[in-house]
Each structure stands twice: as C-alpha cells, then as structure tokens.
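Q:
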Amino acid sequence: MLDATDRALINRLQEGLPLTSAPFDGIASELSITVDDLLARLERMKEIGAITRFGPFFDAAAMGGAFCLCAMAVPQTQFERVTEQVNAFAQVAHNYQREHRLNMWFVLATETPEGIAEAADAIERETGIAVLRFPKLQEFFVGFRVAA
Amino acid sequence: MSVTDRDIVSALQGGLPMVAAPYAAVAASLGLPEEDLLARLEDMQATGVIRRIAVAPNHFKLGMTANGMTVWDVEDARVAELGAQVGALPFVTHSYERPRALPDWPYNLFAMVHGTTRDQVEKKRQQIAAILGPVSRANDILYSTRILKKTGLRLRRKGPTCSD
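What follows is the structure in structure tokens.
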C-alpha cells in the first residue's frame, strides 16, 4: 500500500512544514523526488486515509478555547446510536472506541472554556449517559512523531 | 486589520491545499499578500496558537494497529517528575496528567503507546512500569478498536469552514 518513500515522506512531514513560498522543495530534494511526485503521493495518501490531516494544528487553548478528553460507558447494544449522537456535535474533534467498561473516548475542542461543560452536559442529556471529564492538568510533551 | 487570525484559522482548519505554493493559494483566497500571511503564521506559531504545520498519520492504516492508552495511578507528589520521564520515552506520543474520577477511575497519568502488535505495546508498557515502580499503585491499558471520528478543531462561529 505504501512504499518506503511514502513512509519517509510521512515521517519527514510529521516534523513540520517550513513557512516559505515553496515549502516542499527542500523536503522533495531530501527524498530525491520531484515536488510533483511528492504532492501526488500526499494526495494519494490522503485519499486512502493513510494521513488524516495535513496543515496547521491549532491549539484551542492558545486561542482562548479549551480541549477536554471525555469518556462514556456505552452499553454495547446502544453503541452505534450513541456514536451517531456524539459525533453529530461539532465540538467532538475525535472519538475512539476502546476496550474497557469506559468504551467511548472523545476529545471536545471548544472556543471558550465554558464550552466544554456545555457540550458535555448536552451530550449527557441527549444520550442519557454520564460523560466523565478528564481535562489535562499537565502535558509531558516531547514530540508527535510516530515512525511510519 | 480586516483579515483576523480567526479568518486565517477558518481558512486553514480543513488543512493546507496540496499544491507547490500552498501559502500563496491560501493568501489569495483571503485577499492577503503571501508575505503577510507567512508573517502572521509565524506569529501564530511563536505564540503557540499553531503548534506545528504537519501531517497527521492514521496509525491504523500504517500498520500500527495496536494503539494502547496506558493509564497509571501515580502519587500526586511524584507525578510531575515521573510524567516527564515517561513523556521522554521515544515511543510515547502523548502523555498527560489528568484528574482522577473516583471511585471508578483512579488513574492520573495517561501515556499513549502505538505498535504493530499488542505484544509490542505490552513490552513498552513494561518499560513505563519499570520507570514508575511502586510509585504507581495501579495501572491499566485501553486498546482502541475503532476510530469513530477524527476531524480536528472546527470553529463554529462565522467564517467559512473547509471539510477534510
């Protein structure tokens, strides 16, 4: 599905794109490919879902907003319905199913700190299931890089 | 200033266009000279509004199918020091201190670990356990089985939004 160059490209692009007029030039020459080839690979990997996003990652908190990790214990028989209900909230940035009694874990991203409680409360009302809230108290931040 | 940071965020929240000169394309759509957009983006990066401009890989599609959220109950007095050590491990992609939700949830340190197999992830979990030692009174691992949604930040108030 992905060749060695695709993987090298993902690894390289996890480190960040420069803020220049032709930001791919240096990366393409590092990988010994043309910029056109690089863009075609990127386009294809987006299409097949190997990359979910390409661009700036905004920090909601730095813009006056907030993030919060939340978890719910969803009965198996209701899982699909609750998934639809939760995902319908624009504030839900991502949502994962996990193997645990708390089997649905999602991140709320809102434009104001108060938006977190509003969204979590609204999800509780709509689904009838408690939403546990785990805001970050401290981040132990090193890097994002995952070897492709 | 007519073009606000919010306009810039709105224009970029769906991602950058995959073209040779992506910033010029975005600048044109905002009616801004490219140099101005680049300068504004530099400021946003310096102040932390933009954490980085990069690609987000889909671990599942890359064969990293084992994705475990390891969670640990660590003494409050030691969590900053030990959390920093855990966060520094090369295979830990995100690590946070979060509040407990007692009695259901005694864990206050979260560390995300990816691998191609669960065995691989378990070995990494053991390395974390070795660092924490008896200061961690309990731990668990929650494997993800499905991505239900992944869109990133979306602004809701005014301004156009691009879709992924």
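Residue numbers (this note's numbering), protein chains in the order written: chain A, 151 to 298; chain B, 16 to 179. Just so it is clear, CB atoms sit at the ideal spot from N, CA and C, and this is done for glycine as well.
Hey, does B/Ser159 have any beta-carbon neighbour from chain A nearer than 8 Å?
A: For the purposes of this step, residue 159 of chain B is taken as residue 144 along the second sequence, with counting starting at 1. Yes - at least one Cβ of chain A is within 8 Å of the one on B/Ser159.
Q: Could you check where the alpha helix (DSSP H) with A/Leu192 kicks off and where it finishes?
A: Stepping through the first sequence from its first residue, residue 192 of chain A is reached at position 42. Run containing A/Leu192: Val185 to Glu197, per the alpha helix (DSSP H) assignment.
Q: Looking at B/Pro118: is its Cβ nearer than 8 Å to the Cβ of A/Phe284?
A: To locate residue 118 of chain B, count along the second sequence from 1; it is residue 103. To locate residue 284 of chain A, count along the first sequence from 1; it is residue 134. Not closer than 8 Å, so no.
Q: Straight-line CA distance for A/Glu274 to B/Val64?
A: Numbered from its first residue, the first sequence carries residue 274 of chain A at position 124. Numbered from its first residue, the second sequence carries residue 64 of chain B at position 49. Their backbone Cα atoms lie some 30 Å apart in a straight line.
Q: Using beta carbons (cut-off 8 Å, strictly below), is A/Val224 in contact with chain D?
A: In the displayed structure, chain D is absent; the protein chains listed are A and B.
Q: Under a three-way DSSP split, which group does A/Val224 fall into?
A: Taking the first residue of the first sequence as 1, we reach residue 224 of chain A at position 74. Three-state DSSP puts A/Val224 in coil, outside helix and strand.
Q: Can you list the residues of chain A that B/Leu117 reaches, using a CB-CB cut of under 7 Å?
A: Here residue 117 of chain B refers to the residue found at position 102 of the second sequence. Those do not exist, as B/Leu117 stays about 11 Å from chain A at its closest Cβ, beyond 7 Å.
Q: Buried or exposed: where does B/Gly46 fall if 16 or more other Cβ atoms within 10 Å of its Cβ makes it buried?
A: Residue mapping note: residue 46 of chain B aligns to position 31 of the second sequence, counting from 1. Exposed: under 16 other Cβ atoms inside 10 Å.
Q: Could you give the residue range of the alpha helix (DSSP H) that holds A/Gly176?
A: Here residue 176 of chain A corresponds to residue number 26 of the first sequence, with the count starting at 1. Start and end: Asp175 to Glu180.
Q: If you check the beta carbons only, do B/Thr62 and A/Ala212 fall under 8 Å apart?
A: For this step, residue 62 of chain B is matched to residue 47 along the second sequence. For this step, residue 212 of chain A is matched to residue 62 along the first sequence. Yes.
Q: Which of the residues in the region 173-184 of chain A, read from start to end, lie with their CB under 9 Å from any CB of chain B?
A: Here the close residues are Pro173, Phe174 and Asp175.
Q: Output needed for A/Leu252: all residues of its chain with C-beta closer than 6 Å, excluding positions within five of it in sequence on either side, in chain order.
A: The count along the first sequence starts at 1 and reaches residue 252 of chain A at position 102. Excluding sequence neighbours, A/Leu252 sits near Ala221 and Ala223.
Q: Output the distance between the C-alpha atoms of A/Glu234 and A/Ile201, rounded to the nearest integer angstrom.
A: Residue numbering aside, residue 234 of chain A sits at position 84 when the first sequence is read from its first letter. Residue numbering aside, residue 201 of chain A sits at position 51 when the first sequence is read from its first letter. Whole-angstrom Cα-Cα distance: 23 Å.
Q: Could you spell out where the beta strand (DSSP E) holding B/Val86 opens and where it closes?
A: Position 71 of the second sequence, counted from the start, is the residue given in the question as residue 86 of chain B. That run of the beta strand (DSSP E) goes Ala81 to Val89.
Q: Tell whether a beta-carbon distance below 8 Å holds between B/Gly130 and B/Ala81.
A: As a first step, residue 130 of chain B must be located in the second sequence, where it is residue number 115. As a first step, residue 81 of chain B must be located in the second sequence, where it is residue number 66. The answer is yes: Cβ separation under 8 Å.
Q: Could one say the Cβ of A/Val242 lies closer than 8 Å to chain B's Cβ atoms, at least one of them?
A: The residue you call residue 242 of chain A lines up with position 92 of the first sequence. For A/Val242, the answer is yes, since a Cβ of chain B falls inside 8 Å of its Cβ.
Q: Determine the burial state of A/Ser182: buried for a count of at least 16 other Cβ atoms within 10 Å of its Cβ, exposed for fewer.
A: Against the first sequence, residue 182 of chain A aligns to sequence position 32. A/Ser182 comes out exposed.
Q: Can you tell me whether A/Phe229 is helix, strand or coil according to DSSP?
A: Within the first sequence, numbered from 1, the residue matching residue 229 of chain A stands at position 79. In this structure, A/Phe229 counts as helix in the three-state DSSP scheme.
Q: Counting only Cβ pairs nearer than 8 Å, list the residues of chain B close to A/Leu169.
A: To locate residue 169 of chain A, count along the first sequence from 1; it is residue 19. Going along chain B in sequence order, the residues near A/Leu169 (Cβ under 8 Å) are Tyr38, Leu53, Leu56, Glu57, Gln60 and Ile68.
Q: Hey, is A/Gly278's beta-carbon within less than 8 Å of any beta-carbon in chain B?
A: Counted from its first residue, the first sequence places residue 278 of chain A at position 128. So no, A/Gly278 is outside the interface.
Q: Grouping DSSP H, G and I as helix and E and B as strand, with all else coil, what is A/Gln241?
A: Sequence index remark: in the first sequence, residue 241 of chain A carries index 91 (1-based). A/Gln241: coil per DSSP, three-state reduction.
Q: Where A/Leu167 and B/Glu137 are concerned, what is the direct C-alpha to C-alpha distance, given to the nearest angstrom?
A: As a working note, residue 167 of chain A is residue 17 in the first sequence. As a working note, residue 137 of chain B is residue 122 in the second sequence. Computed Cα separation, rounded: 33 Å.
Q: By how many angstroms is the C-alpha of B/Phe106 removed from the C-alpha of A/Pro263?
A: For this step, residue 263 of chain A is matched to residue 113 along the first sequence. For this step, residue 106 of chain B is matched to residue 91 along the second sequence. Between A/Pro263 and B/Phe106, the C-alpha separation is close to 31 Å.
Q: Tell whether a beta-carbon distance below 8 Å holds between B/Pro152 and B/Asp91.
A: Residue mapping note: residue 152 of chain B aligns to position 137 of the second sequence, counting from 1. Residue mapping note: residue 91 of chain B aligns to position 76 of the second sequence, counting from 1. Note on identity: in this sequence residue 152 of chain B is Arg, with Pro being the wrong assignment. For B/Arg152 and B/Asp91, no; Cβs fall outside 8 Å.
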